[in-house]
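Take a look at the structure set out below.
Protein chains in written order, with our numbering: chain A, 11 to 345; chain B, 11 to 345; chain C, 11 to 345; chain D, 11 to 345.
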C-alpha cells in the first residue's frame with residue numbers, strides 16, 4: 011500500500027527513469043538490483059542507456075521494465091543551431107538502434123502520435139512534432155509503385171486532449187491503429203521532470219509505451235502494446251517541473267554544497283539534512299499545497315524552447331525512419 | 011459521360027446546393043423536377059429549405075438526394091455581434107428541426123468532426139468549431155450519475171488533412187466511430203462557392219454527409235452513412251471561390267444589368283450573351299488556367315471572418331444539442 | 011554601496027511594492043517609517059493602497075516614492091468569468107481614483123503603451139492589452155465634431171523589445187509622445203514576483219512610471235515623467251518568478267509552518283532558520299546559479315492566464331477612460 | 011480633375027508600376043514618353059528596371075517619378091526552397107545596386123519599417139519581415155567598439171495600423187526617426203495587384219517611398235523623404251487583388267485569346283471588345299459594387315505564401331545591408 015503511494019509519488023514528480031533511478035539510489039548510496047545503466051559523454055551530449063531488467067528494479071524506481079535512453083544536453087537552451095543539429099543526429103542514431111533492438115525492420119509501417127494540447131505551450135510538443143515530421147503513408151497507399159526506395163510508410167496524428175475532444179487519446183489512437191494497421195507506434199509527449207535544469211534539455215526514449223499518470227496532460231489510460239496491439243516507443247521531453255520539486259531539489263543541492271565546502275551540514279540545515287528525499291518532499295508539498303503554490307511551472311522562454319526541441323525530434327525521426335534521409339543533414343527535411 | 015463531366019464541373023465550382031439549383035434553373039428558365047424549395051426571410055437572414063427528392067433532381071443539379079438548409083446573411087461580414095447572435099439562434103433552431111426530421115433523439119450521442127487544415131486560414135473552419143464547441147462525452151463516461159439533466163454526450167475531433175497525417179480523414183473518423191459508437195456524426199467543412207458575396211455569409215446544413223470532391227481540401231473519400239455506419243449531417247460554409255467563377259458570375263450579372271437597363275445585351279456582350287453558363291465558364295477557365303490564374307481565392311479579412319462564423323456555429327450547436335443550453339443566449343457557452 | 015546592492019537585489023526579485031514591503035518588514039517585525047498602507051477585502055478581491063511617502067521609505071523597500079494599488083485575487087486562475095468581470099470593475103474603479111488623484115481630467119489624452127515581447131507568452135501581457143483596448147484618437151483627429159460625448163482620445167502602441175527592434179522601447183515611446191502629445195502615458199508590463207501564488211492573480215497600479223530593471227524584459231531605460239515629459243502610470247501583473255525565490259519563499263513558509271505547529275524551528279531548519287531573508291536568498295542563488303537552474307519560470311497554463319488577465323485590464327481601462335463605457339458591464343467593449 | 015480620378019483609379023487598382031505601365035501602354039499600342047524600362051530574365055526570375063523620368067511619364071502611368079525594380083517569379087508559389095534562395099540572392103543584388111544609386115554608403119544607419127496589420131494575414135508582410143530581419147543598432151549603441159566589421163546599424167519596427175493604434179503609422183515612424191536618426195528608411199508593405207498571377211510572386215523595390223492610397227491598408231498619409239526627412243525605399247509584394255480587376259483582367263485575356271485564335275473578337279465580345287480598359291473596369295465595378303462583391307481577395311494558401319516571401323525579403327535585406335553576410339547563403343541568417 012505504502013509502496014504504491016510511493017510509486018504514485020515518483021510518477022507524479024518525474025517521468026524520467028534516469029531521475030527516478032537517481033532518487034532511488036540516493037538513500038541506498040549505491041546501485042539498485044535489477045537496474046543496469048551506462049553513460050557516455052560526447053562533446054556536451056550525455057547519453058545514458060538504462061535497463062530496468064526485472065520486477066525488483068521496476069518497484070525500486072517506480073518505472074516499467076524496459077529500455078530507456080536519455081539524451082542530456084545542458085546547453086540546448088542557448089539556441090545554438092549547430093548543437094541542435096548534432097543532437098538531432100545523435101537522437102537519430104540512438105533511435106535507429108532502438109528500432110533494431112525491437113526487431114522493427116526497415117519497411118515496418120510507423121504511426122507517430124503527438125500527445126498533448128496544442129493550446130498549452132509546454133504541452134504542445136507532440137502536436138508540434140506531428141506538424142514537422144515527414145509523412146509518406148498516403149504515397150504508399152495511392153501510388154505504391156512510384157515511391158522512391160529508402161522510404162517507409164509513416165503517418166502522424168495529434169489526437170488532442172480529453173478536455174477538447176471528450177475522448178481519451180488512447181481510444182482515438184486505438185481506432186486509428188485498427189483502421190490503418192501500423193507495425194509500430196511512436197508516441198511523443200511532454201513530461202514532468204524533478205529538476206529545472208533538465209527541462210527542455212533532455213530527451214527520453216523508452217520501449218515501454220505511455221503509462222497512466224505519466225506525461226503532463228493527466229492521461230488516465232495508457233498507450234502500450236497491451237492496449238494498442240503493436241509496440242509503442244515513447245519519446246518524451248520534460249517541459250515542466252513542480253514548484254515543490256524545485257524546492258526539494260535545491261535543498262538537496264544545498265546539502266552537497268555544504269558537504270563539498272566541508273561545512274557542518276547538520277548544523278546548517280538542521281533536521282532537514284537527515285530526512286530522506288521523499289520525506290522532505292512530502293514536507294515541502296504540505297507547506298506549498300494548501301496555498302495553491304504547488305503549480306507545474308515552465309521556463310519563461312518555453313515558446314522558443316518547444317519549437318527548437320520539436321524540430322530536433324522531427325529531424326531525428328525523419329533520418330532514422332527513412333534510409334534515404336541522411337543522418338548527417340537531417341534538418342533540411344523539416345521546416 | 012458528358013453528364014458526369016458536367017456534374018464534376020458543378021461539384022468543383024460550388025458546394026452549395028442552392029447555387030447548383032440556381033445554375034441549373036437559369037437555362038431552363040423555370041423549376042426543376044425533383045427539386046422542391048422554399049425560402050423565408052427574417053430581418054436580414056434568408057433561410058432556404060431545399061429538398062432533392064429523386065435521382066432526376068440529383069442529376070439536374072449535381073447534388074445528392076436529401077435535405078439542405080441554407081442560411082444566408084449578407085451583412086454577416088460587418089462584424090455586428092447582435093446579428094451574429096441572431097444567426098446562431100436561427101442556426102440552432104433549424105439544426106434542431108434537422109435532428110428531429112432524422113429522428114435523432116435528445117440523448118443520441120454525437121461526434122462532431124472538424125474537417126480541414128488548421129494551418130490554412132480559409133480551411134480552418136472545422137478545427138476552429140471543434141476548439142469552441144462544448145464537449146461532454148467524458149463526463150458521461152467517467153461519472154454518468156453526476157451529469158446534470160439537459161445534456162447529451164458530445165465529443166469532437168479535428169482529424170487533420172492527408173498532407174499532414176498521411177491518412178484520409180474519413181479513415182480516421184471511421185476508426186474513432188468504431189471505437190466510441192456515436193449515434194450521429196456532424197461534419198463541419200469549409201466549402202467553395204461560385205459567388206463572392208456568399209463567401210463567409212452563408213451556412214449550409216445537409217443530411218447527405220460529405221462527398222468526395224466537396225469541400226476545399228480535396229477530399230478523395232467521403233464521410234457518409236454508407237462509409238461510417240451512422241448518419242452524417244454536414245455543415246458547410248463557403249470560404250473560397252475560384253477566380254474563374256468570379257469572372258463568370260460577373261458576366262452573368264452584367265447580362266442582367268444590361269437587360270434591366272434595357273440595353274441591347276447582344277450588341278454589348280456579343281456571343282458571350284448567348285452562351286450557356288457552363289459553356290462560358292469553360293471558356294473562362296480555358297483562358298485563365300494555363301497561366302495559373304485560376305486560383306481559389308478568399309477575402310482579405312478571412313482571419314476575422316472565419317473566427318466569427320466558427321463561433322456562430324459552435325454556439326448554435328451547443329444550443330441545439332443540449333436542452334439545458336438556452337437558444338436565446340447561446341453565445342455565453344463558447345469563448 | 012551595499013545598500014545599492016540590496017536595492018538591486020529586491021528589484022530583480024520582485025517588482026511588486028507590496029512584496030518588497032513585506033520583505034522589509036519581516037526582519038524588523040513591524041511597520042516601516044515612510045510607508046503607509048491600508049488593505050480592504052471584498053468577496054475574494056483584496057485591495058492594498060500603499061504609499062511610499064519619502065526617501066526613507068523608498069530606501070527601506072527599494073521602491074520609488076509614490077502611490078501603489080495592488081489588487082490580489084487568489085482565485086483568478088480558476089477561469090471563472092463572473093469573478094473576472096468583478097475584477098475588471100474593481101480595477102476600473104481604482105484606476106479612476108488614480109487618475110483623479112493625479113488631477114488627470116476626463117478629456118485628457120491617453121497613450122497606452124504595451125511593453126514586452128509578443129513572442130514570449132509570459133512577456134506578452136502589454137501587447138495583448140494593446141490589441142484588446144478601444145482606441146479613439148483617430149476619430150478625434152479625423153472627425154472631431156462627430157465623436158459622441160463620454161469618450162476621450164486614446165491611442166495604443168506595442169513598441170516591441172530591444173532584441174527585435176534594436177531600439178530601446180523608451181526611445182520609441184518618447185518619439186511617439188513628442189509627435190502625438192498625449193497628456194498621460196499608461197504603461198502595461200509583465201512583472202516578476204517573489205511568490206508563485208501571486209503570479210497571474212495580482213495587478214499592481216503605480217504612479218511612478220516604469221524604472222530600469224523592473225519588468226521581466228530587462229529594460230535598461232525607464233519610462234517616467236522625467237524621461238517622457240508627461241505622467242506615466244504603470245500597470246503590472248507578475249507572470250514569472252525566479253526558481254530561487256520559489257525556494258526561498260518556501261523555506262520562509264516552512265519556518266512559519268513549524269512555528270505555528272510549535273516545532274523547534276532551529277532544530278528542524280538549523281542555521282537556515284536564523285538567516286535573514288536576503289542572506290538565505292543569496293545562499294540559494296549561489297547553489298542554483300552555477301548550474302543554470304535559476305531560471306525565470308511561469309505556470310504551465312500561462313497561455314490561458316495571460317489572455318484572461320489582458321482582457322480584464324483592457325475592459326477595466328475602457329470603463330475608466332471613457333465615461334460612456336459602463337463600469338458595470340465593461341467586458342462587452344473588448345473581445 | 012478627370013485626370014486625377016483616373017490616377018486614383020490606377021492607384022487603387024494596382025500598386026505595381028509595371029502593371030500601371032502595361033495598362034497605359036495598351037491603348038496607345040506603344041512606349042510612353044518619360045518611361046524607360048528594361049527587362050532581363052534568368053532561369054525563371056524576370057527583373058524589370060523601370061524609370062519614371064519626368065512628370066509626363068508620371069501622369070501617364072499614375073506613379074511617382076523614380077526608379078522601380080520588379081522581380082517576377084511565377085513559380086514562387088510552388089514552395090521550392092532552392093528557387094526561394096535564388097530569389098533572395100537576386101533581391102539582395104538588386105537592392106544593393108539601389109542603395110548605391112542613392113549614394114547610401116555601407117555604414118549608413120537603416121530603419122526598417124514593417125507596415126500593415128499582423129492580424130490580417132495578407133497584410134502581415136511588413137510585420138513578418140521585421141520579425142525575421144537581423145537588428146544590430148543596439149550593439150552599435152551599447153558596445154560600439156565590439157561590433158565586428160562588415161555590419162551596419164539596423165533597427166526595425168512594425169508601427170501597426172490606425173484601427174489598432176489610433177495613430178497614423180507615418181506619425182509613429184516620424185517620431186522614431188526623429189529620436190533615432192537613421193540615414194535611410196526601408197518600408198515594407200503588402201500591395202494590391204491587378205492580376206491574380208502576380209499575387210505573392212512579385213517583389214517591387216522603389217525609391218519613391220510610400221504614398222497615400224498605396225498598399226492594402228488604406229494609408230492616408232505617406233512615408234516619403236518630404237515627410238520623414240530621410241530617403242525612403244519601398245519594398246512591396248502584391249498579396250491581394252480586387253474581384254473587379256480579376257474580371258477585367260480576364261476579359262482582356264479573352265480578347266488576346268480570340269485574337270490569337272483568329273476569332274472575330276467584336277462578334278464574340280460585342281461592345282466590350284471596343285471599350286478601353288478603364289471604361290470596362292468602371293462597368294465591372296458598377297455591376298459588382300452595389301452587391302458588395304468587389305472585395306479584395308487573396309489566394310487560399312496565403313498563410314504559407316506570406317511566410318515564404320517574408321523570409322525571402324528578410325534574407326535578402328540581411329545580405330545586402332551587411333557586407334559580412336554572404337549573398338550566396340543569405341537564408342542561414344534568418345529563421
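Note that the Cβ used here is the ideal one computed from N, Cα and C, for glycine as well.
Verify the CB distance criterion: does residue 174 (chain A) have a CB-CB separation below 8 angstroms to chain C? Reading the first chain from its first residue, position 164 is the one you call residue 174 (chain A). No, its Cβ sits nowhere closer than 8 angstroms to a Cβ of chain C.
Proximal residues of chain B, C-beta to C-beta of residue 278 (chain D) below 8 angstroms: Taking the first residue of the fourth chain as position 1, residue 278 (chain D) is located at position 268. Per Cβ cutoff of 8 angstroms: 280, 281 and 282.
Between which two residues does the alpha helix (DSSP H) carrying residue 267 (chain A) extend? Here residue 267 (chain A) refers to the residue found at position 257 when the first chain is read from its first residue. Counting along the chain, the alpha helix (DSSP H) containing residue 267 (chain A) begins and ends at 253 to 270.
What's the call for residue 100 (chain C), buried or exposed, on a 16-neighbour Cβ count within 10 Å? Residue numbering aside, residue 100 (chain C) sits at position 90 when the third chain is read from its first letter. Looking at its Cβ environment, which holds 16 or more other Cβ atoms inside 10 Å, residue 100 (chain C) is buried.
Taking only beta-carbon atoms, is residue 126 (chain C) less than 8 angstroms away from chain D? In the third chain, the residue the question calls residue 126 (chain C) occupies position 116. No, its Cβ sits nowhere closer than 8 angstroms to a Cβ of chain D.
Within 8 angstroms of any Cβ in chain A, is that where the Cβ of residue 146 (chain B) sits? Working through the second chain from its first residue, we reach residue 146 (chain B) at position 136. At least one chain A Cβ lies under 8 angstroms of residue 146 (chain B).
Any idea which residues DSSP pairs residue 200 (chain A) with across the strands? Stepping through the first chain from its first residue, residue 200 (chain A) is reached at position 190. Paired residues: A:247.
Whole angstroms are fine: how far does the CA of residue 265 (chain B) sit from the CA of residue 72 (chain D)? The residue labelled residue 72 (chain D) in the question sits at position 62 within the fourth chain. The residue labelled residue 265 (chain B) in the question sits at position 255 within the second chain. Straight-line Cα distance between these residues: approximately 32 angstroms.
Taking residue 253 (chain D) as the reference, which of D:239, D:276, D:215 and D:309 has the closest Cα? Position 243 of the fourth chain, counted from the first residue, corresponds to residue 253 (chain D). Looking at the Cα atoms, D:309 is the closest of the given residues.
Where residue 175 (chain B) falls: helix, strand or coil (DSSP): The residue you call residue 175 (chain B) lines up with position 165 of the second chain. If DSSP states are grouped into helix, strand and coil, residue 175 (chain B) belongs with the helices.
Starting from the beta carbon of residue 141 (chain B), find every residue of chain A whose beta carbon is closer than 8 angstroms, and list them in chain order. Within the second chain, the letter at position 131 stands for residue 141 (chain B). Within 8 angstroms Cβ-Cβ: 129 and 174.
Taking the alpha carbon of residue 57 (chain C) as the reference point, which residue from C:279, C:69 and C:81 has its own alpha carbon closest? Numbered from its first residue, the third chain carries residue 57 (chain C) at position 47. The shortest Cα separation from residue 57 (chain C) among C:279, C:69 and C:81 belongs to C:81.
Anyone know if the C-beta pair for residue 162 (chain D) and residue 327 (chain D) falls short of 8 angstroms? Locating residue 162 (chain D) in the fourth chain gives position 152, counting from the first residue. Locating residue 327 (chain D) in the fourth chain gives position 317, counting from the first residue. Against a cut-off of 8 angstroms, the Cβ pair of residue 327 (chain D) and residue 162 (chain D) comes out as no contact.
How close, in whole Å, do the beta carbons of residue 123 (chain C) and residue 215 (chain C) come, if the pair is a contact with beta carbons under 8 angstroms? Here the question's residue 123 (chain C) lines up with position 113 in the third chain. Here the question's residue 215 (chain C) lines up with position 205 in the third chain. That pair is no contact at about 14 angstroms.
For residue 324 (chain A), count the other beta carbons within 10 Å of its own beta carbon; 16 or more makes it buried, fewer makes it exposed. Which is it? Start at 1 with the first residue of the first chain, and residue 324 (chain A) comes out as number 314. It counts as buried.
Identify whether residue 332 (chain A) lies in helix, strand or coil by the three-state DSSP scheme. Counted from its first residue, the first chain places residue 332 (chain A) at position 322. It is coil, neither helix nor strand.
Shortest alpha-carbon distance to residue 333 (chain A) belongs to which of A:118, A:276 and A:54? If you number the first chain from 1, residue 333 (chain A) lands on position 323. Here the closest residue by C-alpha is A:118.
Under 8 angstroms Cβ to Cβ from residue 136 (chain C), same chain only, skipping five residues before and after it: list those, please. Reading the third chain from its first residue, position 126 is the one you call residue 136 (chain C). Closer than 8 angstroms at the Cβ level, and outside the excluded window around residue 136 (chain C), lie 123, 124, 125, 126, 168, 197, 198, 199 and 200.
Comparing C-alpha positions only, which one of B:318, B:245 and B:336 sits nearest to residue 93 (chain B)? Counting from 1 along the second chain, the entry for residue 93 (chain B) is found at position 83. Residue 93 (chain B) has its Cα closest to that of B:318, out of B:318, B:245 and B:336.
Counting only beta-carbon separations shorter than 8 angstroms, does residue 13 (chain C) have a partner in chain D? Residue numbering aside, residue 13 (chain C) sits at position 3 when the third chain is read from its first letter. Because residue 13 (chain C) sits at a pLDDT of 35, beneath the cut-off of 50, its placement in the model cannot be relied upon, and the following sentence gives the value as read from the coordinates. Output row for residue 13 (chain C): interface = no.
CB contact flag (residue 279 (chain B), residue 290 (chain B), <8 angstroms): Working through the second chain from its first residue, we reach residue 279 (chain B) at position 269. Working through the second chain from its first residue, we reach residue 290 (chain B) at position 280. For residue 279 (chain B) and residue 290 (chain B), no; Cβs fall outside 8 angstroms.
State buried or exposed for residue 185 (chain C), treating a residue as buried only when at least 16 other CB atoms are found within 10 Å of its CB. Locating residue 185 (chain C) in the third chain gives position 175, counting from the first residue. Buried.
Residue 247 (chain D) to residue 219 (chain D), Cα distance in whole Å? For the purposes of this step, residue 247 (chain D) is identified with residue 237 of the fourth chain, where counting begins at 1. For the purposes of this step, residue 219 (chain D) is identified with residue 209 of the fourth chain, where counting begins at 1. So the two alpha carbons sit approximately 14 angstroms from each other.
Anything in chain C within Cβ reach of residue 294 (chain A), meaning under 8 angstroms, just list it in chain order. Here residue 294 (chain A) refers to the residue found at position 284 of the first chain. Under the 8 angstroms cutoff, chain C gives 260 and 264.
Flag residue 166 (chain B) as yes if its beta-carbon sits less than 8 angstroms from any beta-carbon of chain A, otherwise no. Within the second chain, the letter at position 156 stands for residue 166 (chain B). Cβ-Cβ to chain A under 8 angstroms: yes for residue 166 (chain B).
Give every residue of the same chain whose Cβ lies closer than 6 angstroms to the Cβ of residue 149 (chain A), excluding the five residues on either side of it in the sequence, and list them in chain order. Taking the first residue of the first chain as 1, we reach residue 149 (chain A) at position 139. Excluding sequence neighbours, residue 149 (chain A) sits near 157.
Can you tell which of D:217, D:257 and D:146 has the C-alpha that lies nearest to the C-alpha of residue 295 (chain B)? Stepping through the second chain from its first residue, residue 295 (chain B) is reached at position 285. For the residues D:217, D:257 and D:146, the minimum Cα distance to residue 295 (chain B) belongs to D:257.
For chain D, is any of its Cβ atoms less than 8 angstroms away from the one on residue 73 (chain C)? Residue mapping note: residue 73 (chain C) aligns to position 63 of the third chain, counting from 1. Residue 73 (chain C) does not count as touching chain D.
Can you look up residue 54 (chain D) in the DSSP assignment and give me helix, strand or coil? As a first step, residue 54 (chain D) is located in the fourth chain; it is residue number 44 there, counting from the start. Here residue 54 (chain D) sits in coil by DSSP.
Using Cβ-Cβ distances below 7 angstroms, what residues of the segment 183 to 205 of chain B are close to chain A? Against chain A - using a Cβ distance shorter than 7 angstroms - the residues of the segment 183 to 205 of chain B are 184, 185, 186, 188, 189 and 190.
Can a CB atom of chain C be found closer than 8 angstroms to the CB of residue 31 (chain A)? Mapped onto the first chain, residue 31 (chain A) falls at position 21. Closer than 8 angstroms: no.
Is residue 234 (chain B) helix, strand or coil when you go by DSSP? One-based indexing of the second chain puts residue 234 (chain B) at position 224. Residue state, collapsed to three classes: coil.
Close beta carbons around residue 112 (chain C), own chain, < 8 angstroms, minus the five adjacent residues each side: In the third chain, the residue the question calls residue 112 (chain C) occupies position 102. The residues are 194, 217, 241 and 243.
Buried or exposed: residue 23 (chain A), going by 16 or more other Cβ atoms within 10 Å of its Cβ? Here residue 23 (chain A) refers to the residue found at position 13 of the first chain. It is buried - the Cβ of residue 23 (chain A) has at least 16 other Cβ atoms within 10 Å.
Report the residues of the segment 313 to 334 of chain D with a CB closer than 8 angstroms to any CB of chain C, ordered along the chain. none
Helix, strand or coil: which one does DSSP assign to residue 327 (chain C)? Here residue 327 (chain C) refers to the residue found at position 317 of the third chain. In the structure shown, residue 327 (chain C) sits in a helix (DSSP, three-state: H, G or I).
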